[in-house]
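Q: Here it is, the structure, as structure tokens.
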Amino acid sequence: MTKVLVIGRGGREHALGWRLGKDKEGEVLYAPGNAGTEIEPETRNVDIKEDDFDGLTRLVKTESIDLVVVGPEGPLANGLVDHFYERGIRQVFGPTKAGARIEADKFYSFEVMRELGIPQAHSSPCEEARDIEAAVRTLASENGVVLKARGLHGGKGVRVYDSAAQAIDDIFPFISEFGDDVLVSERLFGEEFSVFGISDGTNVHLLPVGIQDHKRLRENDQGPNTGGMGAYGPASVADLQTLESVRDDVMIPVVQCMNDRGTPYIGFFYAGMMMTKEGPKALEFNCRLGDPETQVLMMLLEGDLYRALSSAVQDDISSLDLSIREGAALGVVLASQGYPGKPVTGKRIYGLGDIKDPNVKVFHMGTKVEEGNLVTGGGRVLCVTAYGVNLGEARKRAYQAAGEVKFDDMQYRIDIGAKALRGN
Ligand code: AMP
Ligand code: GLY
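Under the numbering used here, the first residue of the sequence shown is numbered 4, with each subsequent residue one higher.
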């Protein structure tokens, strides 16, 4: 019997484990998982947190886990995979601490892209307030400028300003929240899309679908940046040729560069791209899959994901059978009041049992069980995800199902996928 361990507790991990569970007879363990992963068939939540490296090591050994998949960036950036390797555990899909720098250190990813000539926003890494101000004056256009914290901040350490003056006013609040190391970037315009690949350390297997996330809290891309309020795919802005060019001109060069530097990168490679007037440019790299993009991706992915990830761990992804199903998928995130700031949690969730559509899957992002009741347990609570023969159908199904769910002061965007359907 095969045993897979998925590390993490969000919607991405729920979707990954759900999809991996379809590929193999066996059991999917989650550490720690959430209330949704607990009730999937043939699964088990184990109450070990993502930062308990010794506890996770013991679990992998005592349960004889065949494949470990690390979901979130935090433990990757803190060296969980290195910890496993040092203790003889090699069957791990996810990059080492050195690999995770592509996400955890925006100065590093900027330098790597610059060295490789990968198109990106003109940027300047700054370590002091007065350098930030000078860089803002140089890089801002009449349309604004962007400040990015160097480290990991759950998708919140990036602020986009409409003018240089706005950014300059915000330098001190920004650095007091996120620290002095700030990448100042030219503001780019265009449609965003996320591209995902599986890397075995030397090569990258493309998952051939572009997914579009919706990062702002409110409709029409207003309000603060969040971890993502909903997603759909395939994103019309990224056809197969574009996706292949991201693989060939962005992902493979980065993976080969890391291999040449003696820090081979094994794991999911996420390229956050923007389709500008001058063509696709890279906004960011992540060392893991996106959340909620994974939920959409897993509804569309066909083939043996378990074999794909196991092959990558064994350094050979030359013959994978992954493909993307015809049709479309769309996920709507239901969030708590207060998110992306401090969310109100512990609110009882109603209505999940009323969702009967077999093309809908509700992935749990932040839920728990208290006194036998399902309650909210985080900022982003559920991702109601649907498949359809086209985007319109997927969207209708997802919103119909989302309409069944209720909890106090629930907030969600009603325009996920709407722009693509309008065709602008
Ligand atoms: P990142 O974490 O770097 O992807 O940034 C988060 C979000 O901020 C992106 O998804 C974009 O919406 C926005 N963003 C980042 N960099 C830029 C840029 N150079 N120009 C415009 N928007 C950006
Ligand atoms: N949804 C964006 C991310 O996972 O980074």
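All C-beta atoms, glycine included, are put in the ideal place defined by N, C-alpha and C. These numbers come from a predicted model, not from an experiment.
1) Return the first residue and the last residue of the alpha helix (DSSP H) that D251 is part of.
2) Cβ-heavy atom distance between R191 and the ligand AMP below 7 Å?
3) Is it the case that the CB of L286 approaches a heavy atom of the ligand AMP more closely than 7 Å?
4) The ligand GLY and P295: does any heavy atom of the ligand fall closer than 7 Å to the residue's C-beta?
5) Kindly indicate the opening and closing residues of the alpha helix (DSSP H) around H17.
6) Restricting to Cα atoms, I'd like to know which of G193, L70, R133 is closest to S124.
7) What separation, rounded to the nearest whole angstrom, lies between the Cα atoms of P176 and A170?
8) Count the other CB atoms, across all protein chains shown, that sit within 10 Å of the CB of M277; report buried if there are 16 or more and exposed otherwise.
9) Taking all protein chains shown into account, do 16 or more other C-beta atoms lie within 10 angstroms of the C-beta of G14, making it buried, or fewer, making it exposed?
10) If you draw a straight line from the alpha carbon of Q94 to that of L312, how long is it in whole angstroms?
11) So, is T65 buried or exposed, given that buried needs 16 or more other C-beta atoms within 10 angstroms?
12) For the ligand AMP, is there any heavy atom lying closer than 7 Å to the beta carbon of S188?
13) On a CA-only basis, which of P237, S112, D411, R398 is nearest L186? Give me that one, please.
14) Among V257, V363, T60, which one has its Cα closest to the Cα of A101?
15) With a 10 Å radius around its C-beta and 16 neighbouring C-beta atoms as the bar for buried, classify Q317 as buried or exposed.
16) Please tell me whether D108 and G154 are closer than 8 Å, where the distance is taken between their beta carbons.
17) For the beta strand (DSSP E) that contains Y235, what are its first and last residues?
18) Using alpha carbons as the reference points, say which of E118, A103, H208 lies closest to R310.
19) Which same chain residues end up closer than 8 Å to C260 when comparing Cβ atoms and leaving out the 5 residues on each side of it in sequence?
20) By alpha-carbon positions, which one of N393, A421, T388, K422 ends up nearest to V408?
21) Tell me where the alpha helix (DSSP H) around S197 begins and ends.
A: Well, looking at it:
1) Segment: none, D251 is in no alpha helix (DSSP H) and carries neither H nor E.
2) The question names Arg, yet the displayed sequence has Leu at residue 191. Because some heavy atom of the ligand AMP lies under 7 Å away, the Cβ of L191 counts as near it: yes.
3) yes
4) yes
5) 14 to 26
6) Checking the sequence shown, residue 124 turns out to be Ala, not Ser. The candidate whose alpha carbon is nearest that of A124 is G193.
7) 10 Å
8) Taking a 10 Å sphere around the C-beta of M277, we find 16 or more other C-beta atoms and assign the residue as buried.
9) Burial state of G14 is buried, judged by a 10 Å Cβ sphere holding 16 or more other Cβ atoms.
10) 9 Å
11) exposed
12) yes
13) S112
14) Answer by Cα proximity: V257.
15) exposed
16) Taking a C-beta distance under 8 Å as the contact criterion, D108 and G154 qualify as a contact pair.
17) It spans 233 to 236 - the beta strand (DSSP E) in which Y235 sits, taken as one unbroken run.
18) H208
19) V115, E118, L119
20) T388
21) Taken as a continuous stretch (DSSP letters only), S197 belongs to no alpha helix (DSSP H), being part of the beta strand (DSSP E) at 194 to 203.
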